[in-house]
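Comments concern the structure below.
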Amino acid sequence: MSGSFSPCVVFTQMWLTLLVVNSFLSSSEAAQQSVVSLQPPWTTFFRGEVVTLTCYRFGFSVPQKTKWYQKRKTVKQTPGPLVIKAHTLEVHESGEYWCQADSLLPSMHVNLEFSEDFLMLQAPPAVFEGDSVVLRCYAKKGIEAETLTFYKDGKALTLHHQSSELYIHHANLKDNGQYKCTSKKKWSFGSLYTSNTVGVQVQELFPRPVLTARPSHPIDGSPVTLTCRTQLSAQKSDARLQFCFFRNLQLLGSGCSRSSEFHIPAIWTEESKRYQCKAETVNSQVRKQSTAFIIPVQRASARFQTHIIPASKLVFEGQLLLLNCSVKGVPGPLKFSWYKKDMLNKETKILKSSKAEFKISQVNISDAGEYHCEANNSRRSFVSRAFPITIKVPVSQPVLTLSTGKTQALEGDLMILHCQSQRGSPCILYEFFYENVSLGNSSILSGGGAYFNFSMSTERSGNYYCTADNGLGAQCSEAIRISIFDMTKNRSVPMAAGITVGLLIMAVGVFLFYCWFSRKAGGKPTSDDSRNPSDSEPQEPTYYNVPACIELQPVYSNEPEENVIYTEVRRTQPRQKHADQESESPRSRCQMAEKK
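Read in order, the letters of the sequence shown correspond to residues -30 to -1, 1 to 566 in mature numbering (1 follows the signal peptide of the UniProt record, and there is no 0).
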């Protein structure tokens, strides 16, 4: 039969066409192919029979516009939904047919043959792996099944049940070959009817999947999407596939699913291992696995950006301090921690802050130090560089003191002045003044204040004060007046007291001597006859009036304004023999004054 092997040629051509299309589709899913189907699903018919061709979009959806072709001549062009069943075409003539749905790629070519032979083997236009295939041995007039024999590659096939149909379950590559059937003629021994030969070439339902990762070079801890890429043949685009993903042969997730993508929330360098995917039909008749794929995970490199208010990093006491930490190059979610290292190099974690922003409404001196933030994404910790924060505290009013605590000194005494502010950021400049003239200055980095010493002299008597300044404004101390200790004035009191005591002792001595002398004279009276008056002259008796002890009464008067002490000493003279002498006895008065 001249046309007996044409179906084999058709299948070969269809297979090559599908391979080209599949390769194209594998490289670009956007380039999809139109689909043509046959009803009944054979490519060989007896003359006078009719076959209906239907054109679909990829996935067997109805197109808006359809074009039909026979060899290179346009058979019919339909405008789409305006024509009823526009995507169908009835054929009763032998030829090569294909269609184009909308703007998709043309469908595969179908070679239809209408024959007048007595016996023919009918087969579908294409066979795909996993398909259940039926080859039918068909005659114009009914034939008995017992007389039929099927051959593959010239060898008779043994069937469990005699039938006019040969069933191939779950077609695969081993089913490839040349098929035909024969039937014995009635009343003729050894005579056979032989059908046409059909070449069966099992095609791939879908190519071996290719596993890809997006991004292809993920950063440590970043999310990754795995995609299992494959493409169903257009003629089987209504088939349903499911996908499974593996890491080191361990199934990822909860199992296989209809999605060709698998999302990994975070991938780490230690998980840079062998990944694979598997695509299979829902009934698991066809399954294919990708080659192993190692995802190169790069170690994350954190790029910190810190924003500080105020930007100078110099904060005055009582001001607002705002620190903000942002990280690039590190996948989230991130949790932040803040640390502070004080002046003693002791690092402490700031427990009250777990956000990217850290705020101190009013800073004080204890907030000074080096700060850094730590970003943690539950798997890795990333630490920023430290940045110093300096808290400037204005100096308090300094206090000026003397080491002796006394403001009077002797000539040549060593005087030590001490100036100190209780509060204030270093470095503090202390300066000493005498009557508004600078005596010198000293810069102090730590507490304790500054000292200034000098030798006391009369020229250095006067007012002293000091100033303290750390760049935020100078503060002045209270003034202290220092003077020379005056020995003359300060010795006046003991000198006056000594003089007074001396005078008292001298007065008492004179008084005792006088009393002793008077008593001695009255106890031994002498008479001188030559000197006694005559009897005719009356003699007046001589009286010695011995006065009582002289009362010495010192009188003190301290006038603070003049610092003068007055002392008065009184002495009473003895009476004379004669009345005129007794009435004229004087009292002597002495005065002494001494200024302090």
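Beta carbons: idealized from backbone N, C-alpha and C, even for Gly.
DSSP three-state label for Asp439, please. Counting from one through the sequence shown, the residue named residue 439 turns up at place 469. Asp439: strand per DSSP, three-state reduction.
Neighbour flag for Asp383 against chain C, beta carbons, 8 Å: Of the chains in the structure shown, none is chain C; there is only one protein chain.
Closer than 7 Å by C-beta to Thr14: which residues in its own chain qualify, once you throw out the five before and the five after it? Chain order, please. As a working note, residue 14 is residue 44 in the sequence shown. Pro(-24), Glu83, Ser85, Met90, Gln92, Asn166, listed in sequence order.
Using a threshold of 8 Å, state whether the C-beta atoms of Leu143 and Thr152 are closer than that. The residue labelled residue 143 in the question sits at position 173 within the sequence shown. The residue labelled residue 152 in the question sits at position 182 within the sequence shown. In this structure, Thr152 does not lie closer than 8 Å to Leu143 by Cβ.
Secondary structure of Leu175, DSSP reduced to three states: As a position in the sequence shown, residue 175 is number 205, starting the count at 1. Coil at Leu175, not helix or strand.
Between which residues of its own chain and Leu74 is the CB-CB distance below 7 Å, once the five residues before and five after are set aside? Counting from one through the sequence shown, the residue named residue 74 turns up at place 104. Gln2, Gln3, Ser4, Arg27, Phe28, listed in sequence order.
Look at the alpha carbon of Thr377 and the alpha carbon of Ser447, and state the distance between them as a whole number of angstroms. Counting from one through the sequence shown, the residue named residue 377 turns up at place 407. Counting from one through the sequence shown, the residue named residue 447 turns up at place 477. Cα-Cα distance, rounded: 16 Å.
How far does the beta strand (DSSP E) with Ala96 in it extend, from its first residue to its last? Here residue 96 refers to the residue found at position 126 of the sequence shown. First-last for Ala96: undefined, no H or E at that position.
Taking the CB atoms as reference points, tell me whether residue 572 and Ile398 lie closer together than 8 Å. An answer regarding residue 572 cannot be provided, because it is not within the stretch -30 to 566 covered by the chain.
Going by DSSP, name the residue or residues bridged to Val104. The count along the sequence shown starts at 1 and reaches residue 104 at position 134. Answer is Tyr137.
Could you give the residue range of the beta strand (DSSP E) that holds Arg244? Counting from 1 along the sequence shown, the entry for residue 244 is found at position 274. Note, Arg244: beta strand (DSSP E), 244 to 251.
With H, G and I counted as helix, E and B as strand and the rest as coil, what does DSSP make of Thr239? Indexing the sequence shown from 1 puts residue 239 at position 269. Helix, per DSSP.
DSSP has Trp308 in a bridge; who is on the other side? On the sequence shown, position 338 is the one that residue 308 refers to. Ile320, Cys343, per the DSSP bridge assignment.
Assuming Leu387 and Leu372 are in contact, meaning their beta carbons sit under 8 Å apart, how far apart are those beta carbons, in whole angstroms? As a first step, residue 387 must be located in the sequence shown, where it is residue number 417. As a first step, residue 372 must be located in the sequence shown, where it is residue number 402. The Cβ separation is near 7 Å, so the contact holds.
For a quick check, are the C-beta atoms of Val104 and Val97 less than 8 Å apart? Here residue 104 refers to the residue found at position 134 when the sequence shown is read from its first residue. Here residue 97 refers to the residue found at position 127 when the sequence shown is read from its first residue. Cβ atoms of Val104 and Val97: not closer than 8 Å.
In the DSSP output, what is Glu19 paired with across the bridge? Indexing the sequence shown from 1 puts residue 19 at position 49. Glu19 pairs with nothing; no bridge assigned.
Could you tell me the distance, in whole angstroms, from the CA atom of Pro49 to the CA atom of Thr24? Within the sequence shown, the letter at position 79 stands for residue 49. Within the sequence shown, the letter at position 54 stands for residue 24. Residue placement at Pro49 is flagged as unreliable, the pLDDT there being 48, under the threshold of 50; the coordinate-derived value follows with that caveat. If I take the Cα positions, the gap works out to 15 Å.
On the DSSP bridge assignment, give the partners of Ser351 in chain order. Walking along the sequence shown from the start, residue 351 turns up at place 381. Ser351 is bridged to Asn346.
With 16 other CB atoms within 10 Å as the buried threshold, where does Asn347 fall? The residue given as residue 347 occupies position 377 in the sequence shown. Buried, since its Cβ has 16 or more Cβ neighbours within 10 Å.
Use the C-beta contact count for Gly124: other C-beta atoms within 10 angstroms, 16 or more gives buried, fewer gives exposed. Numbered from 1 along the sequence shown, position 154 holds the residue referred to as residue 124. It counts as exposed.
Excluding the 5 residues preceding and the 5 following Pro76 in the sequence, name in chain order all residues of the same chain whose CB lies nearer than 8 Å to its CB. By one-based count along the sequence shown, residue 76 stands at place 106. Taking C-beta separations shorter than 8 Å and ignoring five residues to either side along the sequence, the partners of Pro76 in its chain run Gln3, Ser4, Tyr39, Trp68, Cys69, Gln70, following chain order.
Validate contact between the stretch 200 to 215 and the stretch 224 to 233 using beta carbons, cut 8 Å, 3 pairs: Yes, the stretch 200 to 215 is in contact with the stretch 224 to 233.
With DSSP as the reference, label Lys144 as helix, strand or coil. Position 174 of the sequence shown holds residue 144. If DSSP states are grouped into helix, strand and coil, Lys144 belongs with the helices.
8 Å CB neighbourhood of Gln289 in its chain, flanking five on each side removed: Within the sequence shown, the letter at position 319 stands for residue 289. Closer than 8 Å at the Cβ level, and outside the excluded window around Gln289, lie Pro280, Gln332, Val333.
Do you know how far the Cα of Gln171 is from the Cα of Asn146? Residue 146 sits at position 176 when you count from the first residue of the sequence shown. Residue 171 sits at position 201 when you count from the first residue of the sequence shown. Asn146 and Gln171: Cα-Cα distance of roughly 5 Å.
Helix, strand or coil at Gly410 according to DSSP, with G and I counted as helix: Counting from 1 along the sequence shown, the entry for residue 410 is found at position 440. If DSSP states are grouped into helix, strand and coil, Gly410 belongs with the strands.
If you compare alpha carbons, which of Lys41, Gly225, Asp72, Lys319 is closest to Glu63? Taking the first residue of the sequence shown as 1, we reach residue 63 at position 93. When each option's Cα is compared against that of Glu63, the closest is Lys41.
Neighbourhood of Ser271 by C-beta, 6 Å cutoff - its chain only, sequence neighbours within 5 removed: Here the question's residue 271 lines up with position 301 in the sequence shown. For Ser271, where only same-chain residues beyond five positions count, the Cβ hits under 6 Å are Gly299.
Skipping 5 residues on each side, what residues in its chain have a beta carbon closer than 6 Å to that of Ser413? As a position in the sequence shown, residue 413 is number 443, starting the count at 1. Cys397, Leu399, listed in sequence order.
Exposed or buried, which one is Trp308 when buried takes at least 16 other CB atoms within 10 Å? Within the sequence shown, residue 308 is the residue found at index 338, counting from 1. It counts as buried.
Which residues does DSSP pair with Trp68 in a beta bridge? Your numbering for residue 68 matches position 98 in the sequence shown. Answer is Tyr39.
Could you check which residue in Arg244, Thr58, Lys319, Arg355 has the C-alpha nearest to that of Ser296? The count along the sequence shown starts at 1 and reaches residue 296 at position 326. Here the closest residue by C-alpha is Arg355.
Starting from Arg269 and walking both ways along the beta strand (DSSP E), at which residues does that stretch end? Mapped onto the sequence shown, residue 269 falls at position 299. Looking at the DSSP string, Arg269 is not in any beta strand (DSSP E), and its letter there is neither H nor E.
If you run the structure through DSSP and keep just helix, strand and coil, what is Glu63? Start at 1 with the first residue of the sequence shown, and residue 63 comes out as number 93. The answer is coil: DSSP assigns Glu63 none of H, G, I, E or B.
Is the stretch 241 to 258 touching the stretch 173 to 185, taking contact as three or more C-beta pairs under 8 Å? In short, these stretches touch, since the Cβ pair count reaches three.
Within 10 Å of its beta-carbon, does Thr31 have 16 or more other beta-carbons around it, so buried, or fewer, so exposed? Here the question's residue 31 lines up with position 61 in the sequence shown. The sequence as given places Ser at residue 31; Thr does not occur at that position. By the neighbour-count rule (16 or more Cβ atoms within 10 Å), Ser31 is not buried but exposed.
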